[in-house]
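**Q** Heads up: the protein sequence lines correspond to chains A and B, in order.
Quick note on our numbering: the first sequence kicks off at 121 and runs consecutively.
Quick note on our numbering: the second sequence kicks off at 1418 and runs consecutively.
Input: one structure, supplied below.
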Amino acid sequence: MDSLFQRSLDDIIKGLRHQQAGESAFVSKVLEEVRREIKSTDSHTKSTALQKLTYLHSICFVDMSWAAFHAIECISYPNFTHKKVGYLAISQSFQESTPVILLISNQLRKDLKSNVEVEVSLALECLSRIGNLDLCRDLTPEVFTLMASSRIPVRKKAIGVVLRLFGKYPDAVRVCFKRLVESLESSDSPPIVSAVIGVFCELASKDPKAYLPLAPEFYKILVDSRNNWVLIKVLKIFTKLAPLEPRLAKKIVEPICELMSKTGAKSLMFECIRTILTSLAEHESAVKLAAGRINELLIDEDPNLRYLGLHALAIVAPKHIWAVLENKEFVIKSLSDPDPNIKLESLRLVMEMVSESNVVEICRVLVNYATKSEPEFCNVILGSILSTCSNNVYEIIVDFDWYVSLLGEMSRIQHCQKGEEIENQLIDIGMRVQDVRPELVRVGRDLLMDPALLGNPFLHRILSAAAWLCGEYVEFIRNPVELMESLLQPRTSLLPPSVRAVYLESAFKALVFCLHSYLKSATSSDHSALGLSDPGVSKENHITPDSVLHLLNLIDMAVGPLSGSYDVEIQERARNILGFTELIKPVLSDSLHPQDERHKQQVEASKMVRLLHDTFSDELGPVSMSAQGRVPVPDGLVLHENLADLEAVCGSSLPASSATISFEGSHNVEGATSIFISDQKEESEPSSESTSLLAEHRKRHGLYYLPSEKNTEHHEANNDYPPANELKSELAEQSFLPKRKSKQVKARPVVVKLDEGDVLPISSKIPQAKDDSLSEAVRDVLLGNEADADTLTQKAAADSVIRKKGKEKLNAKEQEDDLDHMDSQSGTVQNPVKERSKRSSRKQNADEGDHGGDKGKQKRRHRHGKHRTREGVQNPPANVISQTPVPDLLL
Amino acid sequence: MGIRFILMVNKQGQTRLAQYYEWLTLEERRALEGDIVRKCLARNEQQCSFVEHSNYKIVYRRYASLFFLVGVDNDENELAILEFIHLLVETMDRHFGNVCELDIMFHLEKAHFMLEEMVMNGCIVETSKSNILSPIQLMEKTS
C-alpha cells in the first residue's frame, strides 16, 4: 500500500525545482514522509525512502545520521538496486564513529566474496570511504585475496582500498605490501599500475624514506610508461625520494629532462619543471632547461599557464634567484594583471627579489601600485612591504631615514589599514635606531599636524605612535609649541580614549621640555659666563615668556575639561598635567615678570622642572624576551615542582605573544631585573634619588641580579647600573661589526639588537605524529624481517591449527621487533609487547570466520617464497638499511 | 590525500553534486560550499582557474551553466586536475549524450558511481572512459 502512493526520487527533484520560495517547507514535508516510509518492511519502499534522504542530504544539507541503521538494512537486501542505494547512503553519511558501523562488517565480507563484480566493487568502495580500525582489521584478508583477483576492475579497486587499510590498520602492511609491490610490475594492465602508483604516491608523501628501496621499480615506470597520469604520479614520488639519495637524483635527472622537452602535455611538463626545481635544484643544467620552459609559460595567453609560471618561479626563487631576476620586468608587470591570484603570486615573487641594494627601488614601485590598487590588494602589498622590511630586525634596511619616511607615506595611502603594524614598527625603530630619531620625530610631527588624519579610524594607531615618539624624543622637535598645539587640537576628541591618553602624556612631556629649556636659557643668559648650554636646546626652539604663557593658557583651555572625563586614563593624565601647571604657575609667573626676588623663585621652579625633565629624558630600550631566563635561580627555590605542568600548558602560547618589547627605564626599580640594553654614551644621568633607591634595592636583593664583577672596571661612571649591562659590550661589538658594502654612500646606523631574545624562538618543530607503526611495518616488509612478515601473512589467511604451531616463533619475533623499535625510538616505548600481542589475538578472533582453506594458503606461500628470492637479490640485508637504502642495481 | 572534494554548482550557486573524501560535518560543508562558491563564481573568463583557499587550493572549470570545482592539496598538479574535470565531463557526455545540469540532477546516483570509478581515497585511479562506464552499464543490466 505504501509503495503505491510513495513519491519517487524524481518526484522530489521535480518538486524541489518548482519551489521558488519555501523550499525548506517542502524539504521538511518530504522528510516527514521519509521518516514514515523508511520504517516500512517492504524493501522497495525502504530503499526509495533512503534514496530520497540521501539526495536531500547531499544537496540540501539534511541530517541523515538517524537513518544509519536503515542504510545497513538496505545493503543486506539481495536486490542489487536496493543494495546500491544502501551503499551510497553509507558512503555519503557514515563516519568512523558512527555507532552502528560495526554491524556492516559481516555484510561487507559477504559482498567482498560475492561472485557479482559490481557488488564486490560497491563493498570495496564503501570500505575505502568509511573503513575504521576495526573494519580494516577484520577485512584485510578479504582485500588481500581480491588483490590477486583475475578481474581487473576488482583488482584495481582492491589496490585502491589498501591505502585506507594501511592508514587505519598499519599491520595490514605485513599482509598486503608484497602484493602491492608486485602489482607495480603488471605493466600489461595499465589500470592496475595507475591505481598502485596512486597508492605509493600517497604513501611516499607521508614517509618517503621507507620507499627508497622501491626506486628501481619506480624508475622503470618513469622510463617505460606512456600514461601521463601515471608519469605525473611517479614524478611526485621521485620529488620526495630524490632529496634523500643523491645518487638517485643523478640517475633520474636525465630522463626527466628528456620527458620535459618531449612531452606535449602541459600538465606533465609542469610536473617535470616542479620536480626539477624542488628536488633536483643542484643540477644546474636541468634548472636552466626548466627555466627555459618557465619563460614559455609566462608569455602564454592562457592565464592558467601564466599563473603556474609565476608559481614555478616562486619555487625556484630561494635557490636560484637569477631565474626570477631574468623575468623581473614580467613579474612586476603582473602586479597589474586582471587576475587577483596572479597579482598575489607576482607580489610574492617581487618580495623574494628584494635585497639590500634594491629595496628602495622596489618599495617605490610597490607603493605606486598600492595607491592605484583596490583596497584589498593595496593592503596586501603594504603588508608584505612591512613584513619584508622588518624581517630579522630590519636586516635589509640601510637608510632608515628613507624607511621611516616611507612608513609615513604609507600611512597616508587612502586605503591603508595596516595601522597596528606601522605603529609597532615606528616605536620599535625609535627605540632601536638612535640616528633616525630626528627623522622619526619629523615624520611624526607631520602626521600629528594634519587635522584631516584624525578622522580616519585606521590611522589612530599610527597617530598614537607618532604622538608617543614626539613626546619621548621631544628634544629633536624644532618647534615644541607648535607640537603642543597639534597634540591638544580640538579634533583630538575624535580619538579613542587609549590614544588620547598617549596624546596627553606626550603633551605633558613636551610641556616639561618647553619649561625646562625656557628656564635653562633664562639661567644661561644670566650666567653666560659659565657657558652652560644644553645640547638639546638649539637656537631655533628658543622659548619666549610669551609662548610659555600661551602654553599654560592652552593647557587650561584644552586639558581643563578633560579632568572630568569618564575614561580613567584620560582623567588621570589630565589631572597630572593640571596639577603640575598649578604648582609651577605661581613660581613661573614671578619669573615671567622680573622682580627683585626673581632669582630665588626661578631656582625653585627650575628644580621642579628639572626633576620631571630628568624623569622623562631617561632612555627607554627594548628588553630581551629571554631576560627573565638569565636571572639565576636562587638557592632553595624549586621551580619545577609546581610549575612544570604550567609550562606544558602555556609553553606554546607564550613565545607567540608579540610583546617582545616592554618599556623599562633604568630608574625603574621593578624593572631592574630585566636586562636593559641601550647605548651607554646616550644614557643620561639618572636622578640621584632613583639611583640611590636602586642601589638600596640591589643591596637587599642582590641575589636576583646577574654577577657584576667585570662590570665595574669597564664602566666606572655607571657603577650603580644593573650589572646586566655587562652583556652590552659583547653585543655592541657584534652589532657594530662593519658588514656593509663599500658602495654604500651612507653608513647603516646602529640598530640595537638583542641577542637571541629578539628573534622569536624558532618553534622547535614537533615531529609530526606520524604513523610510526606504518613506516615501521613498511620497512620491516621491504628490508628484511621477511620471516616475520611471512608469518603474519600466513597468519592472516591460514587456519587455526597452523597458527598454534607458529605462535611461539611469532611471539619471539615480535619481541625482537619491539626491541628494534625501542632502539630506534631512543627510549620512547610506544608499542609495548603487551599491546601488540593483544592486537594479534584480537585479530585471531577476527580471522576465525575465515576459512580460506589450505589450498589458498599454500598458493600464497608459494608466491611469497618466490618473491623472497627475488628480493633477496635486490635488497641489501636488513642490518645495513641506513647505509644503502637504494639497491645498487639502480646505481 | 590528493583530491579532497568535488563539487558541481550551477551559476546560481546551488550545489548539484557534492562528493567529499574527508569527513566534514553538515555545518562545515555548508560553510565551505558557501565560501568557495562566493570566491569562484565571482571570477571571470580572463582569470586563471586556480584559487587558493585556506590550506588547499581549488581548481575549477565552467561548462555552460555548471561549475566543476575540485579541492586539492597544494602539491597536486593543477593542470592534471583540469584534465580530470574535462575527462569527467566527457565521460558524462558519452553516457548521457550532450550532458546538462538536469541529467546530473536526475541521475545523481550515476554521477556518483562514475566518480567512484575514477577516484578512490582521493586518488585518481581510472582515466579510461570505457573502463569508467562499463560498471555502470553492467549495473543497468543487473538491475
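Note that the Cβ used here is the ideal one computed from N, Cα and C, for glycine as well.
#1: Output yes or no for whether 8 Å exceeds the beta carbon distance between residue 1465 of chain B and residue 458 of chain A.
#2: Do you know offhand how far residue 161 of chain A's Cα is from residue 1433 of chain B's?
#3: Taking the runs of the alpha helix (DSSP H) that are 4 residues or longer, which of them lie wholly in the segment 333-393 of chain A?
#4: What residues from the segment 1453-1467 of chain B come within 7 Å of chain A, judged by C-beta to C-beta, listed N to C?
#5: Would you check if there are 3 or more beta carbon pairs closer than 8 Å linking the segment 595-605 of chain A to the segment 544-555 of chain A?
#6: Hey, out of A:436, A:428, A:605, A:427, whose CA is closest to residue 406 of chain A's CA?
#7: Can the beta-carbon of residue 1473 of chain B be found less than 8 Å from the beta-carbon of residue 1485 of chain B?
#8: Contact criterion: CB-CB distance below 8 Å. Does residue 1420 of chain B meet it with respect to chain A?
#9: Could you run through the segment 1482-1503 of chain B and flag, in chain order, every residue whose CB is less than 8 Å away from some CB of chain A?
#10: For residue 133 of chain A and residue 1523 of chain B, what's the separation of their Cα atoms in angstroms?
#11: Between the C-alpha atoms of residue 364 of chain A and residue 432 of chain A, what's the straight-line distance to the nearest angstrom?
#12: Let me know the secondary structure DSSP gives residue 1470 of chain B once reduced to three states.
#13: To the nearest angstrom, report how far apart residue 1514 of chain B and residue 271 of chain A are at their CA atoms.
#14: Taking the alpha carbon of residue 895 of chain A as the reference point, which residue from A:624, A:328, A:605 has its own alpha carbon closest?
#15: Quick check on DSSP: helix, strand or coil for residue 1422 of chain B?
#16: Taking only the alpha-carbon atoms, compute the straight-line gap between residue 191 of chain A and residue 208 of chain A and give it to the nearest angstrom.
#17: Identify which residue in A:554, A:754, A:678 has its Cα closest to the Cα of residue 521 of chain A.
#18: Using three-state DSSP, classify residue 1540 of chain B as helix, strand or coil.
#19: Taking 7 Å as the cut-off, is the beta-carbon of residue 212 of chain A closer than that to any non-hydrogen atom of the ligand ZN?
#20: If you follow the beta strand (DSSP E) that residue 1485 of chain B is part of, which residue opens it and which one closes it?
#21: For chain A, check one thing: does any of its Cβ atoms lie closer than 8 Å to the Cβ of residue 1550 of chain B?
#22: Would you say residue 462 of chain A lies against chain B (beta-carbon separation less than 8 Å)?
#23: Any C-beta of chain D within less than 9 Å: which residues of the segment 415-442 of chain A qualify?
#24: Kindly list, in the order they appear in chain A, the residues whose Cβ is closer than 7 Å to that of residue 1383 of chain B.
#25: Taking buried to mean at least 16 other C-beta atoms within 10 Å of its own C-beta, is residue 261 of chain A buried or exposed?
#26: Using 8 Å as the threshold, is the segment 512-530 of chain A in touch with the segment 491-501 of chain A, meaning 3 or more CB pairs across them?
#27: Could you give the distance in angstroms between the alpha-carbon of residue 696 of chain A and the alpha-carbon of residue 631 of chain A?
#28: Start and end of the alpha helix (DSSP H) containing residue 265 of chain A?
#29: So, with DSSP's three-state summary, where would you put residue 611 of chain A?
#30: Using the rule of at least 16 other Cβ atoms within 10 Å of the residue's Cβ for burial, across every protein chain shown, is residue 141 of chain A buried or exposed?
#31: Taking residue 524 of chain A as the reference, give the member of A:561, A:275, A:219 with the closest Cα.
#32: Tell me which same chain residues have a C-beta within less than 8 Å of the C-beta of residue 1439 of chain B, skipping the five on either side of it?
#33: Please compile the residues from chain B whose C-beta is within a distance smaller than 8 Å of the C-beta of residue 277 of chain A.
#34: Please name the residue, chosen from B:1546, B:1549, B:1534, B:1431, that lies closest to residue 1482 of chain B on a Cα-to-Cα basis.
#35: Pull the bridge partners of residue 1475 of chain B from the DSSP assignment, please.
#36: Taking the beta strand (DSSP E) that residue 1436 of chain B falls in, what are its first and last residues?
**A** So, from the data block:
#1: Along the second sequence, read from residue 1 onward, the residue named residue 1465 of chain B stands at position 48. Along the first sequence, read from residue 1 onward, the residue named residue 458 of chain A stands at position 338. Contact flag unset, no.
#2: As a working note, residue 161 of chain A is residue 41 in the first sequence. As a working note, residue 1433 of chain B is residue 16 in the second sequence. Roughly 31 Å separates the two Cα atoms.
#3: You should have 335-344, 348-361, 366-382.
#4: Answer in chain order: 1463, 1464, 1465, 1466, 1467.
#5: Cβ pair count under 8 Å is below three, so no.
#6: Stepping through the first sequence from its first residue, residue 406 of chain A is reached at position 286. When only C-alpha atoms are compared, the closest one is A:436.
#7: Position 56 of the second sequence, counting from 1, holds the residue named residue 1473 of chain B. Position 68 of the second sequence, counting from 1, holds the residue named residue 1485 of chain B. A distance of 8 Å or more separates the beta carbons of residue 1473 of chain B and residue 1485 of chain B.
#8: Walking along the second sequence from the start, residue 1420 of chain B turns up at place 3. Chain A, which has no Cβ nearer than 8 Å to the Cβ of residue 1420 of chain B, makes this no.
#9: Those residues of the segment 1482-1503 of chain B that come within reach of chain A (Cβ to Cβ, closer than 8 Å) are 1492, 1494, 1495, 1496, 1497, 1499, 1500.
#10: Residue 133 of chain A sits at position 13 when you count from the first residue of the first sequence. Residue 1523 of chain B sits at position 106 when you count from the first residue of the second sequence. For residue 133 of chain A and residue 1523 of chain B, the distance between alpha carbons rounds to 7 Å.
#11: As a working note, residue 364 of chain A is residue 244 in the first sequence. As a working note, residue 432 of chain A is residue 312 in the first sequence. Going from the Cα of residue 364 of chain A to the Cα of residue 432 of chain A covers about 22 Å.
#12: One-based indexing of the second sequence puts residue 1470 of chain B at position 53. In the structure shown, residue 1470 of chain B sits in a strand (DSSP, three-state: E or B).
#13: For the purposes of this step, residue 1514 of chain B is taken as the residue at position 97 of the second sequence. For the purposes of this step, residue 271 of chain A is taken as the residue at position 151 of the first sequence. Distance between the alpha carbons of residue 1514 of chain B and residue 271 of chain A: 29 Å.
#14: What you label residue 895 of chain A is simply residue 775 of the first sequence in a count that begins at 1. Looking at A:624, A:328, A:605, the one whose alpha-carbon comes closest to that of residue 895 of chain A is A:328.
#15: Indexing the second sequence from 1 puts residue 1422 of chain B at position 5. Reduced to three states, the DSSP call for residue 1422 of chain B is strand.
#16: Here the question's residue 191 of chain A lines up with position 71 in the first sequence. Here the question's residue 208 of chain A lines up with position 88 in the first sequence. Roughly 9 Å separates the two Cα atoms.
#17: Your numbering for residue 521 of chain A matches position 401 in the first sequence. Relative to the Cα of residue 521 of chain A, the nearest Cα in the group A:554, A:754, A:678 belongs to A:554.
#18: Counted from its first residue, the second sequence places residue 1540 of chain B at position 123. Assigned with DSSP and collapsed to three states, residue 1540 of chain B falls in strand.
#19: As far as ligands go, the structure on display features none, and thus does not contain the ligand ZN.
#20: Working through the second sequence from its first residue, we reach residue 1485 of chain B at position 68. Residue 1485 of chain B: member of the beta strand (DSSP E) spanning 1483-1489, first to last residue.
#21: Taking the first residue of the second sequence as 1, we reach residue 1550 of chain B at position 133. So, not an interface residue.
#22: If you number the first sequence from 1, residue 462 of chain A lands on position 342. Yes - at least one Cβ of chain B is within 8 Å of the one on residue 462 of chain A.
#23: Absent from the structure is chain D; the protein chains it does hold are A and B.
#24: Any answer about residue 1383 of chain B is impossible in this case: the structure gives chain B only from 1418 up to 1560.
#25: As a first step, residue 261 of chain A is located in the first sequence; it is residue number 141 there, counting from the start. Flag for residue 261 of chain A reads buried.
#26: No, the segment 512-530 of chain A is not in contact with the segment 491-501 of chain A.
#27: The residue you call residue 696 of chain A lines up with position 576 of the first sequence. The residue you call residue 631 of chain A lines up with position 511 of the first sequence. A straight line joining the alpha-carbon of residue 696 of chain A with that of residue 631 of chain A spans about 12 Å.
#28: Looking up residue 265 of chain A in the first sequence gives position 145. Residue range 253-266 is occupied by the alpha helix (DSSP H) that includes residue 265 of chain A.
#29: What you label residue 611 of chain A is simply residue 491 of the first sequence in a count that begins at 1. The three-state reading of DSSP puts residue 611 of chain A in helix, counting H, G and I together.
#30: Counting from 1 along the first sequence, the entry for residue 141 of chain A is found at position 21. Flag for residue 141 of chain A reads exposed.
#31: The residue given as residue 524 of chain A occupies position 404 in the first sequence. For residue 524 of chain A, the closest of A:561, A:275, A:219 by C-alpha to C-alpha distance is A:561.
#32: Against the second sequence, residue 1439 of chain B aligns to sequence position 22. Counting only Cβ-Cβ distances below 8 Å, and skipping sequence neighbours, we find 1418, 1421, 1422, 1539.
#33: Walking along the first sequence from the start, residue 277 of chain A turns up at place 157. The answer, in chain order, is 1537, 1542.
#34: As a working mapping, residue 1482 of chain B is identified with position 65 in the second sequence. Of all alpha-carbon atoms in B:1546, B:1549, B:1534, B:1431, the one lying nearest the alpha-carbon of residue 1482 of chain B is that of B:1431.
#35: Here the question's residue 1475 of chain B lines up with position 58 in the second sequence. B:1468, B:1488, per the DSSP bridge assignment.
#36: Residue 1436 of chain B sits at position 19 when you count from the first residue of the second sequence. It spans 1432-1437 - the beta strand (DSSP E) in which residue 1436 of chain B sits, taken as one unbroken run.
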